[in-house]
Amino acid sequence: MNYSIRIFKTKNQERSTKAYASVTFNKCFIVTGITVRENKNGELFVSMPSYKSKSVDDNGKPVYKEYCNPTTKEFRDELYGNILKNFKEGVNEYEVKGLDDKMEIGISLNTMSGTNLEAIGRVYLDKCFVINNIKVMTSEKGSFVAMPSQLVNRGDEGKKYEDVCFPITKEFRTELYNAILSEKEKVYEKMNEEFIQVDKALDGVETPFR
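Per the numbering used here, residue -15 is the first one in the sequence shown, and the count goes up by one each step.
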């Protein structure tokens, strides 16, 4: 798997957020909203795009969860290291070549009982990066995939939701979304089979209501 990094330094370097960055995997899937920040000790670190969850920590403060993140220490160190290195050197664009051009896709979904939410889950890229909060929604036109999004203030345009990470080619969008919808069907089929097995097991069993 290959990936490229783009870095955009902020105008006010006195603030803790020093730069914004994006990472594009295999020229077909982009992750935005990555930041380079400085802590109170003057140390730089990479922060993935995150959202405030409904959970709180032991001090009652909200817990923030990442929309996407590396899943292995090796890739985390590599990716974050490349982002920080190029920020320090003033390099705006940087490309990393993998062992090959292939990018393995893994999908994990859980069924949901919401009004128009059918499933929620994750997409794994090459077993080293995960995109969380992938949703399968339903509408009058059928099921569709919704990528993780956040509310962004666009000035005169007002606030609107924008995807944090998403396919950037028509071909990969079709491939990925079809794979997610296919996995949703498999999950529902398995769930229905389990219901049938339970129903068969209970058939003929005496209950207090019979």
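Backbone N, C-alpha and C define an ideal beta-carbon position, used for all residues, glycine too. Note that the coordinates shown come from a computational prediction; the quantities given were computed from them, not determined experimentally.
When the Cα of Y145 is compared with those of P151, L63, V136 and T153, which residue comes out closest? V136
Rounded straight-line distance, which links the Cα of F150 to that of S(-12): 15 Å
Short Cβ contact (7 Å threshold) for V129 with E102: no
Beta-carbon separation (whole angstroms), Y64 vs V30, contact threshold 8 Å: 4 Å
Using C-beta distances below 6 Å, list every residue in its chain close to R(-10), excluding the 5 sequence neighbours before and after it, in chain order. S6 and E77
Straight-line CA distance for L165 to M87? 19 Å
Among K24, E(-2) and F13, which one has its Cα closest to the Cα of L160? F13
Looking at C-alpha atoms only, which residue of K11, T19 and M(-15) is the closest neighbour of T(-6)? T19
What are the residues that DSSP puts in a beta bridge with Q134? E146
Could you check if T16 is buried or exposed, using at least 16 other CB atoms within 10 Å of its CB as the buried criterion? buried
Kindly indicate which three-state DSSP category E58 falls into: helix, strand or coil? helix
Check whether the Cβ atoms of P54 and F113 lie closer than 7 Å to each other. yes
Indicate whether N176 and G82 have their beta-carbon atoms separated by less than 7 Å. no
For the beta strand (DSSP E) containing N94, list its first residue and its last residue. I89 to T95
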